[in-house]
Amino acid sequence: MTLPIPGTPIHVRGATLIEVLVALLVLSVGLLGLAGLQMTATKSNHSAYYRSQATLLAYDITDRMRANRADALNGVYDQVLKNTECDVELAPSGSLAQRDMAEWLNSLSCLLSPDAQGSVQRNGRQFTVSIEWNDNRGRIEDADANDRETFVYRTQL
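Written as structure tokens, this is what we have:
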């Protein structure tokens, strides 16, 4: 049996311990919320990285086509959605346009995801570059949803 502290009412004993436990509970719930927020921010940041890479890759192939304008306007760069495996030691052969497309498709697979696909479609002097990749890591919503992202870039040569 514990003796009461002189000058302390009996009904106040132990109140500080309960306050500390409640404060620890509130703090732990807050820290769990902060961890969830950090995880969501990391996923969104990774998705934004992929979109930035897709933008740079679309600019890359259009710059290559501008450098080889005659072949681009003759349809040599036209390509339906195609995928290649990432090969860090790629040494393509063939014409300049064939090498450009091989290097570009390789870059898609190496920088975005192994199943990334790219296409170039020509309509007169207007070109549409489409890049498609798997963005399941950047998806915040339902994980069973379609995780394919598509970036479309249109330009005129």
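Just so you know, the sequence shown maps onto residues 1304 to 1460 in the working numbering.
Quick reminder that beta carbons are idealized off the backbone N, C-alpha and C, glycines included.
Here the structure is a predicted model, which is why all the values come from computation and not from measurement.
Mind checking who residue i pairs with in its DSSP beta bridge?
{"i": "Thr1458", "result": "Phe1430"}
{"i": "Thr1453", "result": "Glu1435"}
Identify whether residue i lies in helix, strand or coil by the three-state DSSP scheme.
{"i": "Val1383", "result": "strand"}
{"i": "Val1423", "result": "strand"}
{"i": "Asp1390", "result": "coil"}
{"i": "Asn1348", "result": "helix"}
{"i": "Asp1366", "result": "helix"}
{"i": "Gly1336", "result": "helix"}
{"i": "Ser1398", "result": "coil"}
Please report the distance separating the alpha-carbon of residue i from that of residue j.
{"i": "Asn1348", "j": "Glu1452", "result": "15 angstroms"}
{"i": "Val1329", "j": "Asn1386", "result": "50 angstroms"}
{"i": "Ala1344", "j": "Asn1377", "result": "45 angstroms"}
{"i": "Tyr1352", "j": "Ala1373", "result": "33 angstroms"}
Can you tell me which of the options puts its alpha carbon nearest to the alpha carbon of residue i?
{"i": "Ala1419", "options": "Gln1341, Asn1409 and Gly1427", "result": "Asn1409"}
{"i": "Arg1428", "options": "Val1383, Lys1346, Val1332 and Arg1457", "result": "Arg1457"}
{"i": "Val1466", "options": "Thr1343, Val1379, Asp1381 and Cys1413", "result": "Absent from the structure is residue 1466, since the part of the chain shown begins at 1304 and ends at 1460."}
For chain B, is any of its Cβ atoms less than 8 angstroms away from the one on residue i?
{"i": "Ser1433", "result": "The structure shown contains no chain B; it is built from a single protein chain."}
Point to revise | Segment contact flag, the region 1430-1439 with the region 1349-1360, C-beta cutoff 8 angstroms, min 3 pairs | key: Judged by Cβ distances under 8 angstroms, the region 1430-1439 makes contact with the region 1349-1360, as three or more pairs qualify.
Practice item. Kindly confirm or deny that the region 1332-1343 and the region 1394-1411 touch, where touching means at least three C-beta pairs closer than 8 angstroms. Key: Under the 8 angstroms Cβ criterion, the region 1332-1343 does not count as touching the region 1394-1411, having fewer than three qualifying pairs.
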